[in-house]
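Report on one structure; see the data block that follows.
Residue numbers (the working numbering): 29 to 81.
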């Protein structure tokens, strides 16, 4: 599976976020509390339909 983009609407800190991914390597960087973990949880939820907890 290749993830080309993700749209997050009203998911934790992301009120309206669209991220587009490259076909190669993608880095997720940012300061504390900027939503990096929320992004990974959203991708995990989409792949498994389960929460991380």
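We put the beta carbon where it would ideally sit given N, CA and C, even for glycine.
Reference residue i, options the options, closest by Cα
i: residue 44; options: 65, 51, 74 and 34; result: 34
i: residue 39; options: 69, 75 and 76; result: 69
Sheet register partners of residue i (DSSP bridge)
i: residue 36; result: 45
Integer-rounded CB distance, given that residue j should sit under 8 Å from residue i
i: residue 53; j: residue 67; result: Not a contact, Cβ separation roughly 16 Å.
i: residue 47; j: residue 63; result: In fact, because the Cβ distance is near 10 Å, the residues do not count as touching under 8 Å.
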